[in-house]
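2 protein chains.
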Amino acid sequence: MSEVTEKVRFAKAASRAFGLLDSTQKNRLLSVLADTLIEDTQVILDANQIDLNAMVGLLSDALLDRLRLNEKRIQDMAIGVRQIIELPDPVGEILERIDRPNGLEILKKRVPLGVLAIIYESRPNVTIDAAALCLKSGNAVVLRGGKEALHTNLALIKTIHDSFRKCGLDPDTVQFIQDPDRGLARELMRSNGYVDALIPRGSARLIQSVIENATLPVIETGTGNCHIYVEKSADLNMAEAILLNAKTSRPGVCNAAEKCLVDASIAHEFLLQVMPKLRAKNVELRGDEAVRTIDPSVILANEIDWQTEYLDLILGIKIVSGFDEALKHIQTYSTQHSEAIVTSDTALADRFMNEVDAAAVYVNASTRFTDGFEFGFGAEIGISTQKLHARGPMGLKELTTYKYLVYGNGQIR
Amino acid sequence: MSEVTEKVRFAKAASRAFGLLDSTQKNRLLSVLADTLIEDTQVILDANQIDLNAMVGLLSDALLDRLRLNEKRIQDMAIGVRQIIELPDPVGEILERIDRPNGLEILKKRVPLGVLAIIYESRPNVTIDAAALCLKSGNAVVLRGGKEALHTNLALIKTIHDSFRKCGLDPDTVQFIQDPDRGLARELMRSNGYVDALIPRGSARLIQSVIENATLPVIETGTGNCHIYVEKSADLNMAEAILLNAKTSRPGVCNAAEKCLVDASIAHEFLLQVMPKLRAKNVELRGDEAVRTIDPSVILANEIDWQTEYLDLILGIKIVSGFDEALKHIQTYSTQHSEAIVTSDTALADRFMNEVDAAAVYVNASTRFTDGFEFGFGAEIGISTQKLHARGPMGLKELTTYKYLVYGNGQIR
Chain X
37 MSEVTEKVRF AKAASRAFGL LDSTQKNRLL SVLADTLIED TQVILDANQI
87 DLNAMVGLLS DALLDRLRLN EKRIQDMAIG VRQIIELPDP VGEILERIDR
137 PNGLEILKKR VPLGVLAIIY ESRPNVTIDA AALCLKSGNA VVLRGGKEAL
187 HTNLALIKTI HDSFRKCGLD PDTVQFIQDP DRGLARELMR SNGYVDALIP
237 RGSARLIQSV IENATLPVIE TGTGNCHIYV EKSADLNMAE AILLNAKTSR
287 PGVCNAAEKC LVDASIAHEF LLQVMPKLRA KNVELRGDEA VRTIDPSVIL
337 ANEIDWQTEY LDLILGIKIV SGFDEALKHI QTYSTQHSEA IVTSDTALAD
387 RFMNEVDAAA VYVNASTRFT DGFEFGFGAE IGISTQKLHA RGPMGLKELT
437 TYKYLVYGNG QIR
Chain G
37 MSEVTEKVRF AKAASRAFGL LDSTQKNRLL SVLADTLIED TQVILDANQI
87 DLNAMVGLLS DALLDRLRLN EKRIQDMAIG VRQIIELPDP VGEILERIDR
137 PNGLEILKKR VPLGVLAIIY ESRPNVTIDA AALCLKSGNA VVLRGGKEAL
187 HTNLALIKTI HDSFRKCGLD PDTVQFIQDP DRGLARELMR SNGYVDALIP
237 RGSARLIQSV IENATLPVIE TGTGNCHIYV EKSADLNMAE AILLNAKTSR
287 PGVCNAAEKC LVDASIAHEF LLQVMPKLRA KNVELRGDEA VRTIDPSVIL
337 ANEIDWQTEY LDLILGIKIV SGFDEALKHI QTYSTQHSEA IVTSDTALAD
387 RFMNEVDAAA VYVNASTRFT DGFEFGFGAE IGISTQKLHA RGPMGLKELT
437 TYKYLVYGNG QIR
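From first to last, the protein sequence lines are chains X and G. Sequential numbering from 37 applies to the first sequence in my numbering. Sequential numbering from 37 applies to the second sequence in my numbering.
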C-alpha cells in the first residue's frame with residue numbers, strides 16, 4: 037500500500053469522529069495548536085534551517101525568503117490560528133427548511149466536506165494556515181507540500197499531531213504526504229472515494245497539472261490577469277490612485293492589476309499623468325502602437341502580453357475606442373478573477389458589473405480587495421477562479437457542503 | 037476546427053447575451069418552445085421512427101422503449117417545459133450584502149454558470165428537459181446525446197432552434213454535438229475556457245468515463261446503493277411498507293433501495309413477515325448466512341452484492357447485531373446517495389442523521405423521495421452524489437453561480 041493509499045484511508049476514518057465535534061472542542065484544539073507552535077519555535081526553526089541549507093544556491097533569494105521562517109513568522113502563524121478560533125463555526129447551520137404536503141420535514145444542514153486534500157508549494161505557513169481552516173470547518177485534511185520545505189513541514193506536522201494528542205483527539209485527522217515522488221501527487225489527485233475535494237495552491241503550472249490529472253473534484257484557484265479600465269468619464273486622479281495601487285502595492289499576487297485599458301479621448305492626458313509615476317515605482321510599461329505614439333519609449337506589447345499574468349512590475353496598456361472595445365478585450369483575455377472600471381457614468385458602471393464575467397467586478401476601487409480578509413470573511417484558503425461550488429475568496433463556509441435530513445412517519449411514494 | 041471546438045465557441049459567444057435576458061424573455065422562449073414541440077410532433081415522430089428502425093434487434097425491448105417517442109410523450113415534454121416556466125427564476129437574487137468599514141459595498145449576486153455541457157444516453161426527452169432547465173437559469177448549453185437517438189435529437193434541436201428564431205434570439209445558445217466519434221466526447225470533456233461545468237446523465241459507465249477523462253469541473257450524478265436499516269424498535273408494519281416501496285415502486289432508479297439491514301433481535305419476525313411480500317413482487321432475495329438460517333431458499337450474498345447497485349428487482353439482506361454494525365456497513369458500502377433508518381428510538385435516529393454521510397438521510401420514510409419534484413424544487417437536472425457545489429437533487433438554483441459586485445469611490449489598499 038503506497039503512502040497515499042494508506043494516509044487517505046486514515047484521514048477518511050478519522051474524519052467521521054472529527055466532523056461531529058462541536059465548536060468548543062475544535063476551538064480548544066486550535067488554541068492548543070497556537071500555544072504549541074510557540075513552544076516548538078526552536079525545533080521548527082532548526083528544521084527550517086536544514087531546508088534552507090539544502091536550498092542555498094538552488095533557489096532564488098525570493099524563493100528562499102518564501103521558505104524562511106523566523107520567530108516573528110511563527111508568531112504570525114499562531115496569531116492566524118487564534119484569529120480562526122474567533123470566526124463563527126459554519127457547521128450545523130440550517131440553510132433551509134422544507135415542509136412537504138405529505139408531511140415530510142426536510143432540513144438542509146451545513147456539514148463538513150469530509151476529507152480535503154491540499155497540494156501546495158514552498159511556503160511552509162500554508163501547512164498551519166490550511167490545516168487550521170480545514171479543522172475549524174470540521175474537515176480532515178491530507179497535505180502535500182513542496183519538497184524544499186520537507187523538514188520544516190514535518191516539524192509543523194509534529195506540532196499539529198502533538199496538539200491533537202494533548203486534546204485527546206485523533207492525530208490521523210491531519211495527514212502529510214512526505215515522499216517527494218510525483219507519482220504520489222498524482223495518486224492523491226485520483227483518490228476518489230477517500231478525498232472529497234482537492235484544492236491546489238501555488239503556481240499556474242501546479243494548478244494546470246492538477247486540472248489535467250485529477251479525477252477528484254477540484255477547486256481551481258488563483259490566476260488573475262486583472263484589468264483596470266479607465267473610462268472617459270473617470271476622475272483621473274482616482275484612476276491614477278487605483279492603477280498605482282492595483283499594480284504596485286503587491287505585484288506578485290493574483291489580485292494585482294496586469295493590464296490598463298484607457299479610452300482614446302482621455303488617453304493622452306491620463307497616460308502622461310500616470311506613466312511617470314508608474315516608472316518611478318519601477319514598473320515596466322508595454323503598450324500598443326497607439327500608446328507608443330504618446331510615448332515611444334514604451335515597449336510594444338504583443339498577443340502574449342495580453343494573455344499573460346506577469347505577477348511582476350510590468351503593466352500592459354491598451355488604448356480602446358470606448359466601452360464596447362474594452363468589454364470585448366476583457367471578455368477575450370480575462371481569467372475571470374477580478375476586473376475593474378473607473379468611471380463616473382453609472383449606466384456604463386452597471387453594464388460593466390453585469391456583462392463582465394469574473395469572480396469580482398469593481399467600479400471605482402482597486403482589484404487588490406479580492407481577498408477573504410478584505411471581504412470580511414476573516415480568513416481565506418484561496419481564491420476560486422472557477423464557477424462550481426465557490427467563486428472568489430473562499431473562507432470557512434466554502435469548506436463545507438450540506439446534506440438533507442428527511443424526517444417522516446412512514447411516508448412512501 | 038472540430039465540431040466541438042467550433043460549437044463550444046459559438047455557445048460561449050451566445051451565452052453572454054443570453055445570460056442578460058430577463059425572466060419574461062426566457063419564459064416567452066420556453067412558451068414558444070412548448071408550442072413548437074406540439075406543432076412539430078409528426079416531424080419528431082418520423083425522425084424517431086428512423087432511429088427505432090435502425091435499432092430493432094440491436095437494443096433490448098427496455099432500451100427501445102426508452103428511445104421511443106409517441107404523441108403522449110411529446111405532450112409530456114411540452115408540459116414539462118410549461119412547468120419550468122412557472123418556476124421562479126433564480127438569476128439576479130442578491131445572496132448577501134457586505135458593507136465594509138472602508139466604504140466598499142459588496143453584493144453577492146446569483147448569476148448563470150455560463151455554458152453547461154450535458155452528456156447523456158438514449159432517452160431523447162433529456163434533450164428538451166435539460167435544455168429547458170439550462171435556458172431558464174440563463175445558461176447556454178452544449179448537448180451530446182446517444183448515437184441511437186441521433187435523428188430524434190436533431191429533430192428536437194431543430195424545434196429548439198426554430199423557437200429561438202421565432203423569438204428573435206440567438207439559436208447558437210443551444211448546441212448539439214452530432215458526430216458520434218468518441219474522441220469528440222473526450223474533447224468536449226476538456227473544453228476548459230469555453231464550458232463552465234459538465235453534467236453527465238446516464239449509466240455508471242458513462243459517469244466513470246467522464247470522471248476519468250474530464251478536465252472541466254464535473255457534477256457527478258446518480259449512483260445509489262441505498263440501504264434501509266430496520267432498527268429493533270421499528271414499527272414493523274411501517275418498515276415493511278417503506279422497504280416494499282423503496283425496493284419495488286421503481287427498481288431501475290437511483291433512489292430505489294438495494295439493501296436491507298435488520299437488527300438480529302427482530303430479524304426472524306420481520307423477515308418472515310416481509311420476504312413473502314417481496315417475493316410476490318418478484319424480488320430476488322440475497323442474504324448473508326444468518327438470513328439463510330431463517331430461510332434457506334435465499335441466495336447467499338457475497339462481497340460484490342454489498343457493493344452493487346442492482347437497479348433491478350434484487351434485494352440484498354444482512355442481519356446486524358445493532359446500530360453500530362449497521363452504521364459501519366453503510367459507511368463501508370454507501371454511495372452517499374440516500375440512506376434510511378426505520379426506528380422509534382429518537383436518539384438513534386439523531387445518530388443516524390448525523391453520522392451517515394449521504395446527500396439525503398431519512399428517518400421513517402422511503403428513499404424514493406430523493407428527487408427534485410418530491411423535494412419541492414419543481415424540476416431536476418439530476419441528483420448529485422458529490423459534495424462540491426450541489427448535493428442531492430439539483431434544480432434551477434444548482435445551475436447558477438454567483439459573482440461579487442464591489443462598489444467603491446476610489447478605495448485603494
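No residue lacks a Cβ here, since even glycine has one placed at the ideal position from N, Cα and C. Treat the numbers as computed from the prediction; the structure is a model and nothing was measured.
Q.
Given this structure, state the Cα-to-Cα distance separating asparagine 161 of chain G from valine 117 of chain G, to the nearest angstrom.
A. 11 Å
Q) Taking only runs of the alpha helix (DSSP H) that begin and end inside the segment 182 to 247 of chain X, which ones reach a length of at least 4 residues, in chain order? A) 186 to 202 and 218 to 225
Q: Can you give me the Cβ contacts of glutamate 422 of chain X inside the same chain, cut-off strictly under 7 Å, excluding the 5 residues immediately before and after it?
A: Rather than glutamate, the amino acid found at residue 422 of chain X in this sequence is glutamine. Ile255 and Glu256.
Q: Determine the direct distance from the alpha carbon of methionine 113 of chain G to that of aspartate 97 of chain G, and round the result to whole angstroms.
A: 22 Å
Q: Could you tell me which chain X residues have their CB closer than 8 Å to the CB of aspartate 232 of chain G, listed as they occur along the chain?
A: Within chain X, the residues whose beta carbon sits less than 8 Å from that of aspartate 232 of chain G are Gln422, Lys423 and Leu424, listed in sequence order.
Q | Contact set between the segment 338 to 366 of chain G and chain X, restricted to residues whose Cβ is under 9 Å from the partner | A | none
Q: Could you spell out the range, first to last residue, of the beta strand (DSSP E) harbouring cysteine 170 of chain X?
A: Unbroken run through cysteine 170 of chain X is the alpha helix (DSSP H), 161 to 172; no beta strand (DSSP E).
(Q) Whole angstroms are fine: how far does the CA of tyrosine 265 of chain G sit from the CA of glycine 431 of chain X? (A) For glycine 431 of chain X and tyrosine 265 of chain G, the distance between alpha carbons rounds to 37 Å.
Q: Identify, in the order they occur along the chain, each residue of the same chain with its Cβ nearer than 7 Å to the Cβ of alanine 185 of chain X, setting aside the five sequence neighbours on each side.
A: Asp87, Leu103, Ser158 and Pro160
Q: Give the residues from the segment 139 to 163 of chain X that approach chain G closer than 7 Å (Cβ to any Cβ), ordered along the chain.
A: Leu140, Ile142, Leu149 and Gly150
Q) Straight-line CA distance for glutamate 375 of chain X to leucine 192 of chain X? A) 37 Å
Q. Listing by chain order, which chain G residues have their CB less than 7 Å from the CB of methionine 274 of chain X?
A. Among the residues of chain G, those whose CB is under 7 Å from the CB of methionine 274 of chain X are Gly446, following chain order.
**Q.** Counted within 10 angstroms of its Cβ, other Cβ atoms place arginine 241 of chain G as buried (16 or more) or exposed
**A.** exposed
Q) Could one say the Cβ of methionine 389 of chain G lies closer than 7 Å to chain X's Cβ atoms, at least one of them? A) yes
Q | Cβ pair count under 8 Å reaching 3, the segment 120 to 139 of chain G against the segment 401 to 417 of chain X | A | yes
Q.
On the DSSP letters alone, give me the boundaries of the beta strand (DSSP E) that glutamine 447 of chain G sits inside.
A. 436 to 447
**Q.** Proximity of valine 246 of chain G and proline 236 of chain G at Cβ, strictly below 7 Å
**A.** Their beta carbons are under 7 Å apart, which means valine 246 of chain G touches proline 236 of chain G by this criterion.
**Q.** Residues that arginine 449 of chain G contacts on chain X, provided the C-beta gap is smaller than 8 Å
**A.** Those are Asn281, Ser285, Ser402, Arg404, Phe405 and Glu410, listed as they occur along chain X.
Q: Would you verify that the beta carbon of leucine 205 of chain G is, or is not, closer than 7 Å to some beta carbon of chain X?
A: Answer no: the Cβ-Cβ gap between leucine 205 of chain G and chain X never drops below 7 Å.
Q. Glutamate 248 of chain G touches chain X at which residues, Cβ-Cβ below 8 Å?
A. Near glutamate 248 of chain G (Cβ distances below 8 Å), the residues of chain X are Thr251.
Q) Among X/Gly204, X/Val210 and X/Leu171, which has the Cα closest to the Cα of asparagine 189 of chain X? A) The shortest C-alpha separation from asparagine 189 of chain X is found at X/Val210.
Q) Three or more beta-carbon pairs under 8 Å between the segment 362 to 378 of chain X and the segment 413 to 427 of chain G, yes or no? A) no
Q: Can you give me, in chain order, the residues of the segment 70 to 94 of chain X that have a beta carbon less than 8 Å from any beta carbon in chain G?
A: none
**Q.** Whether alanine 385 of chain X touches glycine 428 of chain X by CB criterion (7 Å)
**A.** no
Q | Residue-level contact to chain G via CB, isoleucine 134 of chain X, 7 Å cutoff | A | yes
Q) Could you give the distance in angstroms between the alpha-carbon of leucine 440 of chain G and the alpha-carbon of serine 239 of chain G? A) Correcting the residue type first, residue 440 of chain G is tyrosine in the shown sequence and not leucine. About 37 Å.
Q: Pull up the distance between the alpha-carbon of valine 289 of chain X and that of asparagine 281 of chain X, whole angstroms please.
A: Cα to Cα, valine 289 of chain X sits roughly 12 Å from asparagine 281 of chain X.
Q: Run through the segment 368 to 413 of chain G for me and flag every whole alpha helix (DSSP H) of 4 or more residues, listed as ranges in chain order.
A: 382 to 391
(Q) Going by DSSP, what residue range makes up the beta strand (DSSP E) through proline 148 of chain G? (A) 141 to 148
Q | Span of the alpha helix (DSSP H) around serine 420 of chain X | A | That residue, serine 420 of chain X, is in no alpha helix (DSSP H); its beta strand (DSSP E) goes 418 to 420.
Q) Quick one: Cα of glycine 358 of chain X to Cα of tyrosine 443 of chain G, how far? A) 21 Å
Q | Residues near isoleucine 335 of chain X by beta carbon distance below 8 Å, same chain, minus five either side | A | Apart from the 5 residues on each side of it in sequence, isoleucine 335 of chain X sits with its Cβ closer than 8 Å to the Cβ of Glu320, Leu321, Arg322 and Gly323 in its chain, given in chain order.
Q. Within the 7 Å Cβ cut-off, does alanine 277 of chain X reach chain G?
A. yes
Q: Could you name the residues of chain G that glycine 450 of chain X contacts, counting a contact when the two beta carbons are closer than 7 Å?
A: A question about residue 450 of chain X goes unanswered here, because the residues of chain X that appear run from 37 up to 449.
Q. When you compare each of G/Ile80, G/Lys313, G/Phe306 and G/Gly174 to valine 378 of chain G by their alpha carbons, which one comes out closest?
A. G/Phe306
Q) So, using beta-carbon positions, are proline 148 of chain X and asparagine 106 of chain X closer together than 7 Å? A) no
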